[in-house]
């Protein structure tokens, strides 16, 4: 099974597969839609795919959350 990640970045969201960024988005909704579109295209090619959210730590005023 393949894996597509929706990764939360400090100022945007990106869609990744196998460590490669497929696309970047300014809204969470657009990133989820793109991830589902990628998964659907892979499914059409016979590749089973899971879409997962991968949050990354965000910094505010230079301070990492605990």
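In this note's numbering, the protein residues as written are 4 to 69.
C-beta: ideal position from N, C-alpha, C; glycine also.
Judging by CA-CA distance, which residue of the options is the nearest neighbour of residue i?
{"i": "residue 58", "options": "41, 16, 20, 48", "result": "16"}
{"i": "residue 31", "options": "4, 13, 42", "result": "13"}
{"i": "residue 22", "options": "43, 45, 5", "result": "5"}
Apart from the five residues just before and just after residue i, which ones in its own chain have a Cβ nearer than 7 Å to its Cβ?
{"i": "residue 2", "result": "The first residue shown for the chain is 4 and the last is 69, placing residue 2 beyond what the model contains."}
Which stretch, first to last residue, makes up the alpha helix (DSSP H) that contains residue i?
{"i": "residue 57", "result": "Here residue 57 belongs to no alpha helix (DSSP H); instead the beta strand (DSSP E) covers 52 to 58."}
{"i": "residue 43", "result": "31 to 47"}
Name the DSSP bridge partner or partners of residue i?
{"i": "residue 19", "result": "8, 24"}
How about residue i and residue j: do their beta carbons lie closer than 8 Å?
{"i": "residue 10", "j": "residue 35", "result": "no"}
Apart from the five residues on each side of it in sequence, which residues of its chain come closer than 8 Å, Cβ to Cβ, to residue i?
{"i": "residue 28", "result": "15, 16, 17, 18, 34, 37"}
{"i": "residue 52", "result": "4, 5, 6, 7, 41, 42, 45, 46"}
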